[in-house]
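Visitor:
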Amino acid sequence: MTTIATNLQQVRGRIAQACAAAGRAPDSVSLLAVSKTFGAESVVQAAAAGQRAFGENYIQEGVEKIAAVGRACAPALQWHCIGPIQSNKTRLVAEHFDWVHTVDRLKTAERLSAQRPEHLPPLQICIQVNIDGGPTKSGVAPADTLALVRAVAKLPRLRVRGLMSIPDHAPDFEAQLAKHTSARRLFDQILALGEPGLEGFDTLSMGMTADLEAAIQAGSTLVRVGTGIFGGRTYPAP
């Protein structure tokens, strides 16, 4: 068994244990393998171990990897854009990815809607929320989230699926839980409205390698794990 396959098994075990502790079914939480900075061969290894959904932060790298992996893997994998999206990159995202977790402006959503090819299914959208108000962080303010959700839900070729958050680092489980619970509360408030266009609003994307247990306890339906699967990252020198 490869290291990646072993790591995947361990992460799935953590998810199952966290679900049991929270009184949730193990299949209520999906695993997104964050493969940024790792080559296509690492994705192929993870796919061989049963992983189907992969997240990429860097759009150009992701597009190249999607093309390379697509020639090696069947059935097709599911690709999630989980990094910031510049205006000149929206077409690449619209044409190559299945999900986007980082929409925090209506302008970005409008470009994705206009550029999504007609022959592809609707692009699945999560609205990124700056849940703890960090001044340098991406994400819409919690107070403005509902308005953005409503606006994006009206756009063609997109389907709003839920919220995504990346809270600041917290030192322990209880502090992590408090941050994630804030996002869960906002998610529930929007879900309870039952508005037209939000029939598929079912995804709460939060939790990573270091805090997935707290995120699952709070109600996450999708955790984004990179180093726990692929190992530590080496970034190129600036």
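For the sequence shown, the numbering used here gives the first residue as 192, with consecutive numbering after it.
Glycine residues also receive a C-beta, built at the ideal position from the N, C-alpha and C atoms.
Rounded to whole angstroms, what's the CA-CA distance from Ala259 to Gln306? Just pull it up for me.
Guide: 23 Å
Visitor: Taking a contact to mean a Cβ-Cβ separation below 8 Å, would you say Leu314 touches Leu349 in this structure?
Guide: Cβ atoms of Leu314 and Leu349: closer than 8 Å.
Visitor: Alpha carbon to alpha carbon, how far is Lys227 from Gly423?
Guide: 11 Å
Visitor: Once you ignore the five residues that flank Ile420 on each side, which residues in its own chain have a CB closer than 7 Å to its CB?
Guide: Ile195, Asn198, Leu199, Val202, Ala224 and Ala237
Visitor: Tell whether a beta-carbon distance below 8 Å holds between Val351 and Leu222.
Guide: Not in contact: Val351 and Leu222 (Cβ atoms no closer than 8 Å).
Visitor: Expressed to the nearest angstrom, what Euclidean distance is found between the alpha-carbon atoms of Val340 and Ile318?
Guide: 7 Å
Visitor: Quick one: using the 10 Å Cβ neighbour count with 16 as the cut-off for buried, is Ala278 buried or exposed?
Guide: The sequence shown places Ser at residue 278, rather than the Ala named in the question. So Ser278 counts as exposed.
Visitor: Looking only at C-alpha atoms, which of Pro308, Gly324 and Val320 sits nearest to Pro296?
Guide: Per the sequence presented here, residue 296 reads as Arg, with Pro not at that position. Nearest option by C-alpha distance: Val320.
Visitor: Which value, in whole angstroms, describes the spacing of the CA atoms of Pro358 and Glu365?
Guide: 14 Å
Visitor: Please determine, among Leu354, Ser219 and Leu268, the residue with the shortest C-alpha to C-alpha distance to His287.
Guide: Leu268
Visitor: Compute the distance between the beta-carbons of Ile250 and Leu303, then report whether it is under 8 Å.
Guide: no
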